[in-house]
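Q: Mind having a look at this structure? Questions to follow.
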Ligand code: GTP
């Protein structure tokens, strides 16, 4: 089922989403586009910031989780309430791509997600950095996404390249997520 155009007479449906990924991946910068709130400087998120916005016929509630090592243990507090996950990867961060893989795997194997159906939007961010970035194919291989699609049929996955600085890929990714969560009820 597609996402309906906004109609002021119809209350938008609600969607709760948790936004995760390593620190500095660009989570808050991506969300700031959707909130139509573009501060000139985005600071590291302390713990978690709850964002609300209405976009693409959906009233979104998004937990923007800090990605610093010490805070990652808090992500799972929001898993039971989330119908969808946005996992942001910094495509220019070769040194920590294996750490991002470990965190993504831990999320996928968490008891709150292991057995139920959910939508996973994987945002490959900072693609504006050109030849300094890994390609989408390279990242998909490192993250073993083909294996994931075979082994975890409960996950509806979409991979979206983006640049939060330029604002590209964000609408496409979140429109897909809105559609995916709508289809799975
Ligand atoms: P934590 O709150 O620490 O978990 O980080 P975060 O994932 O929310 O990252 P944040 O949005 O704070 O961005 C981190 C830095 O990356 C900032 O300096 C952003 O300006 C920069 N950044 C974010 N997205 C992009 C992008 O698409 N391209 C480039 N070049 N820089 C980006």
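Residue numbers (my numbering): 1 to 185.
Virtual Cβ for every residue (Gly too), placed ideally from N, Cα, C.
Just so you know, these numbers come straight off a predicted model, no measurement behind them.
Indicate whether residue 134 and residue 94 have their beta-carbon atoms separated by less than 8 angstroms.
A: Yes, the Cβ-Cβ distance between residue 134 and residue 94 is below 8 angstroms.
Q: Buried or exposed: where does residue 125 fall if 16 or more other Cβ atoms within 10 Å of its Cβ makes it buried?
A: Per the 10 Å Cβ criterion, buried.
Q: Using 8 angstroms for Cβ pairs, my map puts residue 170 next to residue 22. What's the rounded Cβ distance?
A: With 8 angstroms as the limit, residue 170 and residue 22 do not qualify as a contact, their Cβ atoms being about 19 angstroms apart.
Q: Quick one: what does DSSP say residue 133 is sitting in, helix, strand or coil?
A: Coil.
Q: From which residue to which residue does the alpha helix (DSSP H) around residue 175 run?
A: 170-183 is the extent of the alpha helix (DSSP H) around residue 175.
Q: Determine contact between the segment 108-124 and the segment 154-163, defined as no fewer than three beta-carbon pairs at a distance below 8 angstroms.
A: Output reads yes: the segment 154-163 touches the segment 108-124.
Q: Give the straight-line distance between the Cα atoms of residue 56 and residue 15, rounded to the nearest whole angstrom.
A: Distance between the alpha carbons of residue 56 and residue 15 is about 11 angstroms.
Q: Counting only the same chain and skipping the five closest in sequence on each side, list residues whose C-beta sits under 8 angstroms from that of residue 90.
A: Only 21, 22, 24, 25, 26, 96, 100, 125 and 126 meet the Cβ criterion.
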